[in-house]
Structure formats: structure tokens, C-alpha cells
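K.L.:
Here's a structure for you.
Protein chains: 2
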Amino acid sequence: MSTIYDVAKKAGVSAATVSRVMNGGSVSRETTKRVRDAAEKLSFTPSRAARRLRVQSSEIIALVIPDIENPFFTSMARGVEDVAQAAGYSVVLCNTDEDPDKESHYLDIALSENMAGVILAAAGDHSDLSGLIAKRRPVVAVDRGPHGFDIDAVTVDNRGGGGSATKALIKAGFTRIACVTGPQNVETAQLRAEGWRQAMVAAGLHDGIDAYLRHADFRVGGGRDAMNDLLSMSEPPDAVFVANNLMSVGALQVLVQRGLAPPAIGLASFGDLPFSTLSPVGIAVVHLPARELGVTAANLLLERINGDEQPSRTIVLRNKITERATSVEKKH
Amino acid sequence: MSTIYDVAKKAGVSAATVSRVMNGGSVSRETTKRVRDAAEKLSFTPSRAARRLRVQSSEIIALVIPDIENPFFTSMARGVEDVAQAAGYSVVLCNTDEDPDKESHYLDIALSENMAGVILAAAGDHSDLSGLIAKRRPVVAVDRGPHGFDIDAVTVDNRGGGGSATKALIKAGFTRIACVTGPQNVETAQLRAEGWRQAMVAAGLHDGIDAYLRHADFRVGGGRDAMNDLLSMSEPPDAVFVANNLMSVGALQVLVQRGLAPPAIGLASFGDLPFSTLSPVGIAVVHLPARELGVTAANLLLERINGDEQPSRTIVLRNKITERATSVEKKH
DNA sequence: CTGAAAGCGCTAACAC
DNA sequence: GTGTTAGCGCTTTCAG
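Quick note, the sequences are listed as chains A and B, same order. According to my numbering, the first sequence holds residues 415 to 746 in order. According to my numbering, the second sequence holds residues 415 to 746 in order.
Take a look at the structure:
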């Protein structure tokens, strides 16, 4: 690996000049060429490690997500990536596996590696951003709001979405509508379940409603378990609102396997069914703008990186629901 | 941000001693405690950026994959991550979007950031690893073999899998079996198609076979387009072998939509259908050990990082096919 | 067991 | 327009 000094010597200039050539300082046409040639010959690549130490920052942004196997987050990641790339930044993805310890480890890294900023879909409600904030590294929260830190955030309307999904089932004639939501300590899980509850209350269907609420892990297996559990009740639900895409897949697998596929039992999913091949009869879907979430978050972050100092903003993106009249009709 | 000098001063020792405490050098019990306390009080986090520059290496491994939205790769990523974490390494994911330029950019970064090593699922057949190799950074190829570089690799049996999938369709009575494979310049795409071709030839079904071959992009849309294209032929195929998971989803979507779902038209997929909710009637699946691919690659890489110098190895993992007798039977 | 000093490769003042 | 110099924060001989 050749250094900036090797290039300088070969080109007969100082290291500073080489640095200027590489970073667009003012250098005469002729020396520029000499330096370029020398660099070429030595196949010189500047050490980012050194640059980073010197300038105390790098063109890398960390995207910290709870589940890399969830298409919702990968789609979001693509959004982030596309705008970051366009602005000359690289994105590194960190998977926390919904584990606050892993998350905190990755946040430490982002900090001590002098990354330009971080986009965070928090694993819990106790993320410690104090280090990053103290060093004035911008952080923007995505999907899940920040807790106790005054930072930019971009989310969807979780409560509203939970409500619309549930209402679609109610409108289709279902009455015993269960809810399968995520972990207790995850904000989005709580809000979506609240949306469900409010809709049920508003429709006067809230008798013994708590028996129909399940907390699972936002993963396929969790959805399966919860669905099986619900179906084994003495009075099983006739429809279910599932609070994320993966658990909906799990629930559907169980229903299909038992010959209870929608519309035999109604299903409303918060989040698109990934890679679905079935015609969505009897299924209502709250579509989430996953990619846009990423795009928006990345834009906010870039603004902050570029010195924007305005008060922190929260952007709520619209989610639209698909409820074809024929598709969620209750079968009699 | 406090530095090692701040801690040193507060503890009344030299920076060297602090460094020793942080990295396990031999320091007296008592000074160790003083240093620890001081570090605690100052909430000191060592700068990885500086450490990295000094030791010319870091505990980070880069995982470079072509499509972060493909569950096959994310599953592989989980495998890599799990073993890396256990060994004290962090993984950063780089998405190349099947674009050799992006790939080369990320490889440059891995190099100039002094990462410990890289696991690469190449975007094409011209990846330039010379920089990394010159600096003795270990690279292991995964899923797709290396081209022109003598490095460790872990793959599956692509040709064999293509063959078994096709044979399953033949055995089920299909005769005009099309093949939808990936981009021309991607090795796995070629090999899987070859497996198909050989099986067809062996069965004497190779008349005009080339008309039934399609190259697409390994993505859902590509699978849809190819399937539509095939169905619009004057003599459409009665079955199709699709060379990856995502394109199979696309093909299935088209078939379901047209009322031609398997077993009306036979389908064999190289790679599991992600998040599938349908009972796989009439579908043969070559199961790929995605996670194991990642685990194996990570283990290989860690060995190299730890100084293993043995000649390079290629490991081929088994893929097993699911072909329930009833499930791929041709309907008459 | 501990400290002094050099240096990883680069950039940013400051001179000329 | 170009060179000199002084670090960024850490680790690592080499002395003591």
C-alpha cells in the first residue's frame, strides 16, 4: 500500500500538494497531472482510516435496524441507500436483532468510528444516544420514534393504521376480531394495538376484548403461535388484525393449513405481505411506504450533516389501506 | 469526547498505561483500578478510528451482497453475523445492487478502512480483489465462486440442483419445460441453466429447447416478465424451472393471476419460496442452505484472519430437493 | 510494572 | 501555487 508520501516523492512535490490534488485544492494544471500520474502508477488509494482520524468524520452513515430478515426494513434500507449514494455517502447496515445490547454496541461503533450520522429504528425504548449527541453527530429515528431525545423522526400513523385495518374487518361483518401485535416494549406494537382497541370500542364490540389480544415477536413464528393459540380458544375469533407483515405471514400459514384461509376467517395486516403469491381475497392490507420512510430519513440526516440547525422535526408518512369491497366480505 | 490522555492525567499515569489497561497489558492491580475509575468518570470510549490507523486493522468484517432485498442473502447475512459476533467481530453489510461499480466502491472502502476481511457474493465475473490481496486481507467468496483469484469459496451445487429440479418436473410428466435463469454474466445463472439443459438432453426432450430459455434479473419483476413472455408463445411450456427464489415468486404471481397455478403448469424453483403461504402443490423446490453458507464462509474467514495459511479451499454445501410425489404430478 | 517517544497516513494552518 | 509543520488518538518498542 503506497502512501501519500510515496506519491509525493515520485511526483517531486510535497505531501500537502498531493492531498490538495486528491481533495480539490488549488494546484497548477501541470503539477496536478504529475501527481495524478504518480498516483496511478503506484495504484495509490488514500487511507480513509487516516483521513477519518484527521478530519474527525467520514462519509459513512450507519443504518441500524432490528431485523434484517424483514422485507419492510430491507426496503427501507434501499431507500436510505439510494439517497445516500447519490449524495456521495456510503451506508453500512447494522442488524440489532431487536436486542438493545447489540444496538448499543453498534451505536458505540458509529460514534467511535466517527461516522457521519446514524439512522435508527430502535430496538427498544431505552436507546442511549447521549454519546452521539454529545459529539454532535446527527441521529434520525425512523419507523419508531425517539424516546427521551430531541431528534428528527419519521414514522407512519400506527394508531390510525391499526384503526383503519380493524374498521375494514368490522365493515365486512366480522365481530370477534382478535389482535396480534408485537413486543410490549416496542412503541409501534403498542400504538397499532391501541388503534385496534379504539376501533372495537367505537363499534361497541369491546366485550371481553382483552382475551383476544396477543403479544408476539414481530416474526413469522410468533404470528403462527399466536394464531394457533387464538384458534384454540373456546370461542375463537372470526377475524384477526395482525400488526406486522411477518406475523401476518405466520397467521396466514396457519389458516391455510387448517383450511380456514380468508375469507373463512378475516385477516387485516399492518404492512404488505412480502412476496405474496395469493390473490388477497378476504385480506385487508395497510400499505406502508417503507422505501419512502428510508428516503425521507436519509434526506433529513443529510440536511443535519450539512449543518442544518433548525428545531427537530417529526414527519408522519401516510399509509393507505387496501380494502376491496369483495375482498374482505364475510362468508356466510 | 475524552481521549486516552484525559484519562491518563486524571488517573495520574501515562497514556501508555491507560492503553495497557484497556487492552489487557500487564498493569498492577491498583493502577488498573485508578484508570478504570477515571475512564468511567470521563465516560471514555477509545477511538476506534485512531486505533485502526495505528494497528492497521479493525474488528470489522464486510459482507458484500448483490441484493439486500433478497431473503436468500439476508438469511446468509444472519449466518455470517452470528458467527462473527460470537468471535467479537462486527459485520457491516454492503449492498451492491448487482452493480460491479458499486461493488468495487465497497471493496475499496473495506480496503482503505482497514477492515479485517471481506465475504463477497460477487456482482459479476470481474471483481477486482488485487488491492485486498496485496494488503493480505482475507476474502472469501460465497454463493458465487471467485474468478481469477485463488481464495476460499463456499457455494452450493448449482448445476446439480438445476438438474434435480428439472428431473422432478420430467418425472411428473411434463415435457415442454422452460427455464428462467439469471443474468448472462452471473455464474450461478449459467450453471443452473446448464443443469436444466443437461437434464432435458438426458431425457431426450431437447428439441428446440433454446426457445424455452429466458434470462432475467433474479428479481420478482424479471420472473413475472419472463413468465408472461413464455405464456405468450404459440406453443407455451407446460412447466418451468425458475433459477432463483425471487423470480419464482414472480412466475407464480403470473400463474395464479391467470388461473394457471400449479399443478396446471408445473413449477420447480431453485431456492425456497420466501414467506410462502400457499401449500406447495405442483411445486418442486431446491432448498438452499442459505444460513449455513454464511456460517461456513464466516468460519473460513475467521480462520484466515487468525493467520491460517493453508491452500485455498472450496466448500460445496448440499442442497436438498423437495418433490412430494403428489405435489408435482401433472394434471390431465 | 510504568513512562517517554515515535509514528500510523492524512489534512489544515501558516509561511513563502 | 506550493512546502513546512503540527497534530488527529492511539499503540508499541525501548528504557528504566
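Just so you know, even glycine gets a beta-carbon here, dropped at the ideal spot from N, CA and C. Since the structure is predicted, the reported quantities are computational estimates derived from the model, not experimental observations.
Could you give the distance in angstroms between the alpha-carbon of N713(A) and the alpha-carbon of V497(A)?
P.N.:
Going from the Cα of N713(A) to the Cα of V497(A) covers about 7 Å.
K.L.:
Beta-carbon of H746(B) versus every beta-carbon of chain A: anything under 9 Å?
P.N.:
For H746(B), the predicted structure reports a pLDDT of 37, less than 50, and the residue's modelled location is therefore unreliable. A value from the coordinates is still provided. Cβ-Cβ to chain A under 9 Å: no for H746(B).
K.L.:
Have a look at P485(B) and E723(B) and give me their C-alpha separation to the nearest angstrom.
P.N.:
Going by the C-alpha atoms only, they are around 33 Å apart.
K.L.:
Once the 5 residues before and after D566(B) are set aside, which same chain residues still bring their CB inside 6 Å of it?
P.N.:
Excluding residues within five positions, the ones whose Cβ falls inside 6 Å are V554, L714, S726, R727.
K.L.:
Helix or strand or just coil, what does DSSP make of T488(B)?
P.N.:
Helix.
K.L.:
Taking the alpha-carbon positions, what's the V568(A) to D557(A) distance?
P.N.:
If I take the Cα positions, the gap works out to 6 Å.
K.L.:
Ignoring anything shorter than 4 residues, give me the alpha helix (DSSP H) runs that lie fully in the segment 633-709 of chain B, in order along the chain.
P.N.:
Segments of the alpha helix (DSSP H) lying fully in the segment 633-709 of chain B: 634-645, 659-671.
K.L.:
So what's I475(A) in DSSP terms, helix, strand or just coil?
P.N.:
Strand at I475(A).
K.L.:
I'd like to confirm the pairing. Which residues does DSSP put opposite D621(B) in its beta bridges?
P.N.:
None; D621(B) has no bridge partner.
K.L.:
Since L543(A) and V478(A) should fall inside the 8 Å C-beta cutoff, what is the C-beta to C-beta distance between them, to a whole number of angstroms?
P.N.:
Wrong, their Cβ atoms sit about 11 Å apart, outside the cutoff.
K.L.:
With a cut-off of 8 Å, do at least 3 Cβ pairs link the segment 607-621 of chain A to the segment 415-431 of chain B?
P.N.:
Touching, no, given that fewer than three Cβ pairs across the two stretches are closer than 8 Å.
K.L.:
Taking 8 Å as the cut-off, is the C-beta of S726(A) nearer than that to any heavy atom in the ligand SAM?
P.N.:
Among the components of this structure there are no ligands whatsoever, and the ligand SAM is therefore not found.
K.L.:
Could I get the ranges of all uninterrupted beta strand (DSSP E) runs contained in the segment 497-525 of chain A, with 3 residues as the minimum, in chain order?
P.N.:
For the segment 497-525 of chain A, whole beta strand (DSSP E) runs of length 3 or above, ordered along the chain, are 504-509.
K.L.:
Between H628(B) and chain A, is there a C-beta pair that is closer than 9 Å?
P.N.:
Residue 628(B) is actually Arg in this sequence, not His. No, R628(B) lies away from the interface with chain A (no Cβ there is under 9 Å from its Cβ).
K.L.:
Who pairs with V556(A) in a beta bridge, going by DSSP?
P.N.:
V556(A) is bridged to V568(A).
K.L.:
If contact means a Cβ-Cβ distance below 7 Å, which residues of the segment 454-472 of chain A contact chain B?
P.N.:
Listed by position, the residues of the segment 454-472 of chain A near chain B (Cβ gap below 7 Å) are T459, P460, S461, R462, A463, A464, R466, L467.
K.L.:
If we define contact as Cβ-Cβ less than 9 Å, is I474(A) a contact residue for chain B?
P.N.:
Yes, contact with chain B.
K.L.:
For K757(B), go through chain A and note every residue whose CB falls closer than 9 Å to its CB, in chain order.
P.N.:
An answer regarding residue 757(B) cannot be provided, because it is not within the stretch 415 to 746 covered by chain B.
K.L.:
Please look up how many angstroms separate the CB atoms of G636(B) and M661(B), rounded, as I've assumed it's under 8 Å.
P.N.:
G636(B) to M661(B), Cβ: 6 Å. Contact.
K.L.:
Output the distance between the C-alpha atoms of Q657(A) and A603(A), rounded to the nearest integer angstrom.
P.N.:
Before going on, a small fix: residue 657(A) reads as Ala here, not Gln. Cα to Cα, the separation comes out at about 7 Å.
K.L.:
Under the three-state reduction of DSSP, which class applies to T417(B): helix, strand or coil?
P.N.:
Coil.
K.L.:
Any beta carbon from chain B within less than 9 Å of T431(A)'s own beta carbon?
P.N.:
Chain B contact via Cβ: absent.
K.L.:
How would you call R611(A), buried or exposed, if buried means at least 16 neighbouring beta carbons within 10 angstroms?
P.N.:
Buried, by the Cβ-count rule.
K.L.:
Ordered along the chain, which non-local residues of its own chain (more than five positions away) have a Cβ less than 6 Å from that of I482(A)?
P.N.:
Taken in chain order, the residues that qualify are N509.
K.L.:
Does the Cβ-Cβ distance between V654(B) and L687(B) come in under 9 Å?
P.N.:
No, the pair does not count as a contact, with Cβ atoms beyond the cut-off.
K.L.:
In whole angstroms, what separates the C-alpha of D618(A) from that of G545(A)?
P.N.:
It should be pointed out that residue 618(A) corresponds to Gly in this sequence rather than to Asp. When rounded, the distance between both Cα atoms is 48 Å.
K.L.:
Taking the beta strand (DSSP E) that I729(A) belongs to, which residues open and close that run?
P.N.:
Taken as a continuous stretch (DSSP letters only), the beta strand (DSSP E) holding I729(A) covers 728-731.
K.L.:
Could you give the distance in angstroms between the alpha-carbon of A443(A) and the alpha-carbon of S518(B)?
P.N.:
Looking at the sequence itself, residue 443(A) is Arg, so the reference to Ala does not match. Going from the Cα of R443(A) to the Cα of S518(B) covers about 29 Å.
K.L.:
Mapping DSSP to helix, strand and coil, what is I482(A)?
P.N.:
It is coil, neither helix nor strand.
K.L.:
Between the alpha carbons of G502(A) and S471(A), how many angstroms are there, rounded?
P.N.:
Straight-line Cα distance between these residues: approximately 14 Å.
K.L.:
Quick check: what's the CA-CA separation for D621(A) versus R590(A)?
P.N.:
Spanning the two alpha carbons is a distance of roughly 9 Å.
K.L.:
Could you compute how far the alpha carbon of I679(A) sits from the alpha carbon of I523(A)?
P.N.:
Rounded to the nearest angstrom, the two C-alpha atoms are 47 Å apart.
K.L.:
Counting only Cβ pairs nearer than 8 Å, list the residues of chain A close to R492(B).
P.N.:
Result: I482, E483, N509.
K.L.:
In chain order, what residues of the segment 656-690 of chain A put their CB closer than 8 Å to some CB of chain B?
P.N.:
Correct list: L660, V663, L666, Q667, V670, Q671, L687, P688, F689, S690.
K.L.:
Would you mind giving the Cβ-Cβ distance between A537(B) and P514(B), rounded to the nearest angstrom? I have them listed as a contact below 8 Å.
P.N.:
The Cβ separation is near 5 Å, so the contact holds.
K.L.:
Are the Cβ atoms of V644(A) and Y626(A) separated by less than 9 Å?
P.N.:
Checking the sequence, you will find Leu at residue 644(A) rather than Val. Yes, Cβ-Cβ distance for L644(A) and Y626(A) is below 9 Å.
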